[in-house]
Every structure is written in C-alpha cells, then in structure tokens.
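Residue numbering for the sequence shown is 2 to 212, as defined by the working numbering. Think of the CB as a built atom: it goes at the ideal place given N, C-alpha and C, for glycine as much as any other residue.
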Amino acid sequence: MGTIVFLGPPGSGKGTQAKLLADRYGFVHLSTGDMLRRAIKDQTPVGVKAKGFVERGDLVPDGIIIELISSCLSSIARQSKVILDGFPRTVAQAEALDGSSTTEVSKAVNFTVPEDILIERLTGRRVCSKCGDSFHLVFIPPKSPGVCDRCHGNLVQRNDDSERVVRNRLEVFRSQNQGLLDYYSNHRKFVGVDANQSVDSIQSELLKILL
Ligand code: AP5
2 MGTIVFLGPP GSGKGTQAKL LADRYGFVHL STGDMLRRAI KDQTPVGVKA
52 KGFVERGDLV PDGIIIELIS SCLSSIARQS KVILDGFPRT VAQAEALDGS
102 STTEVSKAVN FTVPEDILIE RLTGRRVCSK CGDSFHLVFI PPKSPGVCDR
152 CHGNLVQRND DSERVVRNRL EVFRSQNQGL LDYYSNHRKF VGVDANQSVD
202 SIQSELLKIL L
C-alpha cells in the first residue's frame, strides 16, 4: 500500500487538504484525531482511555495509537493510496509504521504555518457535527452561518480548540516535531509545503508532489 504521511502543527490544514484529495482523487484519508473523537463519542475502551489526553491536548500513549491505526490499515485494500493525517506524531510511531508489513511510506509532507496564524485558525474553526467537515468563521465561512455546506449538519467548536488547549497542543507539537523531521529526512522521504497560502494553492502544490 502506497502511503503518504501528513506532518505539521495543529491547524496547518492537514485535514482540509486530505479531505479534498480523498473527495477528488480517491485517496483513503485516515485521521487518528477523527478516529479518537469517534471512539470517545461512542465510549469504546480506546475512547475511554484516550479521553483525558485529547481533552488536555496531550498525546495519547503510543501503544494505544499504534494498535488503533494498525487494525485500520490492515483492513484497507493493498492497492489503495492512503493519506495518514496526524500519524505518526512520535519517532516510536514512525518506527512502528515502517515495521508494518501492510504499508510502505512513500512521502512525508510537512505543512508549515506561522504560529500566530495557527492560533487564529484553530480558535476560529467550526466543524460539522454530522460529517466532520471543517470551516473557519473568517477564512473559510460556510454559506449559511452555523450550517455545514455539505450535509446541512450543525457546526460546532471542537472541545480542544479553546485557546488554552490550543497552546498546549502547539507546545506538545514542538516537543516532538524535530525528531520526526530528522527521521523522515534521514529516510529521504521528506517534502516541505508552505501551508500559509490559500486552500487552492496548497492543493495545487500537493498535486505536483503526489500525482
Ligand atoms: P488531531 O485531530 O489530529 O488534531 P491536530 O493535529 O491538532 O490537527 P488539527 O485537526 O487541529 O489541524 P489540521 O492540520 O487538520 O487543520 P484543519 O485542516 O482542520 O488530533 C487531536 C488530538 O488527538 C491530539 O491533540 C491528541 O490528543 C490526539 N492524537 C491524534 N493523533 C495522535 C497521535 N498520532 N498520537 C497521539 N495522540 C494523537 O484546519 C484548521 C482550521 O484552519 C480550519 O478552521 C480550516 O477551515 C482552516 N484552514 C485550513 N486551511 C486553511 C488555509 N489554507 N487558509 C486559511 N484557513 C485554513
């Protein structure tokens, strides 16, 4: 299975871009954040263990995440083109992914955005409570306020998008990021993308890299 890894801080647009690539070009989009939020909502054993970590903006322990993603990857057809959004986040997770027999990482795409813009993007984000699509109060407003363009679900703020939790998520990201960048640079799979551009410009850059 050809696998693309999306790296980058919270709010850098990984999910927005991955969803577009899935809708338009048939990529399979796997987001560990979405999986965890679903598990928390459904109160599964993983969700119960993960809840506190996600609410505080801390990383969920590697063992839980690796098991979650491994069982998901093993159920996907071998010929699929997969985007991993938000995984790996630690070197231990990257090593576990490389040790897996079901998938091979072909590229690690690193999204960069200045930190003040990340805070604006995250605190102004609204997500659809039904389909999970992401909007922004100012940058990417829905056609009708509070209503999802795609499925007409209600738009809500994620619990971990308060400024206090956002600041912790950025701190956690900084503490892990260099190790991951070194890991993928050493494996010659690393590509950087300036993600402080319009959604369409970033998408065009990604298409040149991925197709
Ligand atoms: P997760 O859901 O993965 O959150 P994240 O990495 O913090 O990423 P985000 O979803 O916040 O940002 P994004 O880059 O996808 O940006 P988006 O496209 O939405 O993880 C949540 C939690 O789960 C973690 O804190 C952790 O606890 C746990 N977890 C998950 N994976 C884990 C792992 N592997 N290991 C351990 N724990 C894990 O865009 C953001 C906003 O900006 C939106 O409003 C959007 O509309 C807007 N926007 C997007 N693009 C643009 C643009 N070009 N211009 C202007 N605005 C834009």
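- Within the DSSP secondary-structure output, His137 pairs in a beta bridge with Arg126.
- Between Asp86 and His137, the gap from beta carbon to beta carbon reaches 8 Å or more.
- Among the bridge pairs identified by DSSP, Ala109 is matched with Val6, Phe191.
- Contact fails between the segment 141–157 and the segment 183–190, because fewer than three Cβ pairs, one in each stretch, are under 8 Å apart.
- Within the segment 18–42, the runs of alpha helix (DSSP H) that reach at least 4 residues and sit entirely inside it are, in chain order, 33–42.
- Segment contact: the segment 172–180 against the segment 191–203, fewer than three CB-CB distances shorter than 8 Å; contact not assigned.
- Counted as a single uninterrupted DSSP element, the alpha helix (DSSP H) harbouring Leu211 occupies residues 200–211.
- Apart from the 5 residues on each side of it in sequence, Val55 sits with its Cβ closer than 7 Å to the Cβ of Leu37, Ile41, Val61, Asp161 in its chain, given in chain order.
- With a threshold of 7 Å, the Cβ atom of His153 does not count as near the ligand AP5, since no heavy atom of the ligand is closer than that.
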